[in-house]
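Each residue of the sequence shown is one higher than the last, beginning at 205 in the numbering used here.
Even glycine gets a Cβ: it sits at the ideal position worked out from N, Cα and C.
Nothing here was measured: the structure is a model prediction, and the numbers come from that model.
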Amino acid sequence: MGACIADQRTRAIRDSASKVPILNLIFTLFSCDPDMQNNISDDDGVTLPGWSLMAVCSHWHNIALSCTALWRKIQLSAYPSNNGTEEGNNLARLAAPLKWCLDHAGETEPLEISFRADMRELDTPVPEPEFMGILFAQSARWGRLTLNIHFNDLERFPSFAALKNCAMVSLKSLEFYVHHDPNIKVDVFCNAPQLTELTLRTLPTVEMLPWGQIKTLKLCIEFAEDYDIFGALIFCPSLESLSYVFSYYYKLGTSEMPRQSSETIHSLSVLIERGHYVPETLSLLMDAARFPALQEMSINYQGSELHIDIPWPRHKVTSFLLQSGCSLTTLEIENVVISNDDLVALLVRTPELRRFNFYETEIKKDSKAPTSKHQHITMSFITCLHAYGDIEDGDPDAFTNPLVPKLEHLSLRLFIDVPGVVAITVKLKVLGRTLKEELHLVCGTEY
């Protein structure tokens, strides 16, 4: 019993340690595109810092060998060309460090694999690289897999074709950026009984994936031609969590977005990289989306502050909540410029809200960003959280009904127009109840 508890503690420590960025850089095996190798890798395009550091001293050597879970992350890129044999030699050099990592990652540790490959520039077919056979032979140990590949290239390799007969019993998360001929039927991931998390950058054919068991779906939309990716929802009858990531370059090529609806989704995340089309993107998504079971929602504008002057689509968001008929319990809004009135109008539609996070964007004094035409929220908004009045009066400072009667957690980052820049910590009382967590406010004159 004691040994079992000790093993659980050790695993917990290692799992936490594996999330430390510097340790990821030390223990991850990298190979890269030759165009990038001068920046992140050795002359041969292959690097494993932990392998080299083991020679520093016997103490470090023993510690590194004992942390088997830290050797399980592998990032491989295969970009051979017809220009000489250097790139081919780089692929050959991958076999030895890959074998070493697999041997020292432990026999049962699930592997985290990232594999990118593009062999379209080759004039003639090439023999299967040794590392590819080694990697695909470990498919039963894949826990997280990121693929950016051309199936038209890989399907001719024997080890890849053999995946159809392998059970990926450990695979839980798959990130898919696949270029392929739709006439080629690839079903290599259908025998993955634990696969529940899926990230898509392109829409694969239905035969490729066990759609019915997907619980978490992330859609990364980069260009207008990626329009088909919105159709992924209809294949996921058991979906619980949905994320949209819209690229800075994205602009919808039509006047409306395909209907996005699900009876099972309870968590929605929308991340929009700042660009000229942000207002249209969020508005179109709110028009298209209907999620009656939704409980958690996050909206984040991410990117350059040069596009800070973006109006909040108040009526679109309100309409989405009303037509979905959902009851939000968690709401997070980040890097959005929104007025007191608009934020109160949103919160008045969330009477079941228990957790609210709002992180306002900071604009530095030397910023070249335009002055916002839209009012930032102010301290008067905070009084609304525990005040009474009538929203129909248009006065956010006078409510007769509680705005957020069930709120338990509040986290705000506000840049309020007060002299100087100070950080203050206060406790708010919402309808006579002290919040469970302290509220942190950042005040300043930067905007």
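Should residue i go down as buried or exposed, given a rule of 16 or more other Cβ atoms within 10 Å for buried?
i: Gln527; result: exposed
i: His265; result: exposed
i: Val622; result: Residue confidence is low: Val622 scores 46 on pLDDT, short of 50, so the model does not pin down where it sits. Its coordinate-derived value is still stated next. Exposed, because fewer than 16 other Cβ atoms sit within 10 Å of the Cβ of Val622.
i: Tyr592; result: Low confidence applies to Tyr592: its pLDDT is 42, below 50, so where it sits in the model is not reliable enough to give any reading.
i: Glu467; result: exposed
i: Phe427; result: exposed
i: Ala371; result: exposed
i: Asp307; result: exposed
i: Thr251; result: buried
i: Ala396; result: buried
i: Glu477; result: buried
i: Val260; result: exposed
i: Ser374; result: buried
i: Ser235; result: buried
i: Asn286; result: In this prediction, Asn286 has a pLDDT of 48, which is less than 50 and means its spatial position is unreliable; what the coordinates show is noted afterwards. Per the 10 Å Cβ criterion, exposed.
Using the C-alpha atoms, what's the distance from residue j back to residue i?
i: Ala493; j: Lys368; result: 36 Å
i: Ile230; j: Pro253; result: 5 Å
i: Ser193; j: Arg553; result: An answer regarding residue 193 cannot be provided, because it is not within the stretch 205 to 651 covered by the chain.
i: Ile353; j: Ser281; result: 10 Å
i: Tyr431; j: Ala268; result: 46 Å
i: Arg518; j: Asp546; result: 6 Å
i: His613; j: Leu437; result: 32 Å
i: Phe364; j: Ala273; result: 26 Å
i: Glu500; j: Glu460; result: 24 Å
i: His263; j: Val382; result: 43 Å
i: Ser473; j: Ser447; result: 5 Å
i: Glu564; j: Glu484; result: 21 Å
i: Ser502; j: Gln464; result: 17 Å
i: Ser543; j: Lys520; result: 15 Å
i: Ala296; j: Gln398; result: 33 Å
i: Thr533; j: Asp391; result: 39 Å
i: Ile469; j: Leu351; result: 26 Å
i: Ser531; j: Arg345; result: 40 Å
i: Asp491; j: Cys271; result: 50 Å
i: Gly529; j: Leu488; result: 18 Å
Less than 8 Å between the CB atoms is what I'm expecting for residue i and residue j, so what's the real figure, rounded?
i: Ser471; j: Ser445; result: 4 Å
i: Leu551; j: Val608; result: 6 Å
i: Cys305; j: Leu257; result: 14 Å between Cβ atoms; not a contact.
i: Gln506; j: Leu486; result: No, Gln506 and Leu486 are not in contact; Cβ-Cβ is about 13 Å, not under 8 Å.
i: Leu616; j: Phe562; result: 5 Å
i: Ala321; j: Leu315; result: Not really, about 17 Å apart at Cβ, beyond 8 Å.
i: Thr420; j: Thr406; result: The pair is not a contact, with the Cβ atoms about 18 Å apart (cut-off 8 Å).
i: Glu311; j: Arg276; result: Not really, about 11 Å apart at Cβ, beyond 8 Å.
i: Glu332; j: Pro362; result: 6 Å
i: Asn504; j: Glu538; result: 4 Å
i: Arg558; j: Leu525; result: The pair is not a contact, with the Cβ atoms about 16 Å apart (cut-off 8 Å).
i: Leu402; j: Ile418; result: 5 Å
Compute the distance between the beta-carbons of residue i and residue j, then report whether it is under 8 Å.
i: Trp516; j: Val548; result: no
i: Leu423; j: Leu378; result: no
i: Phe340; j: Leu302; result: no
i: Phe495; j: Leu535; result: no
i: Lys376; j: Gly347; result: yes
i: Pro408; j: Phe380; result: yes
i: Phe655; j: Ile425; result: The structure shown has nothing for residue 655, since the chain only spans 205 to 651.
i: Phe439; j: Pro462; result: no
i: Ile338; j: Ala299; result: yes
i: Ser318; j: Gln279; result: yes
Shorter than 8 Å from the beta carbon of residue i to some beta carbon of chain B?
i: Leu498; result: Reference to chain B is not applicable here, since this structure consists of a single protein chain.
When you measure from the CB of residue i to every non-hydrogen atom of the ligand FAD, does any distance come out below 7 Å?
i: Cys440; result: Absence of the ligand FAD from the depicted structure is noted, as is the absence of any ligand whatsoever, leaving it without description.
*Scan the stretch 305-378 and note each continuous alpha helix (DSSP H) run of 4 residues or more that stays entirely inside, going in chain order.*
Segments of the alpha helix (DSSP H) lying fully in the stretch 305-378: 334-340, 355-358, 362-365.
*May I have a chain-ordered list of the alpha helix (DSSP H) segments no shorter than 4 residues that lie completely inside the stretch 468-552?*
For the stretch 468-552, whole alpha helix (DSSP H) runs of length 4 or above, ordered along the chain, are 482-492, 518-528, 544-551.
*Entirely enclosed beta strand (DSSP E) segments - the stretch 400-428, minimum 3 residues*: Entirely contained in the stretch 400-428, the beta strand (DSSP E) runs reaching 3 residues are, in chain order, 401-404, 420-425.
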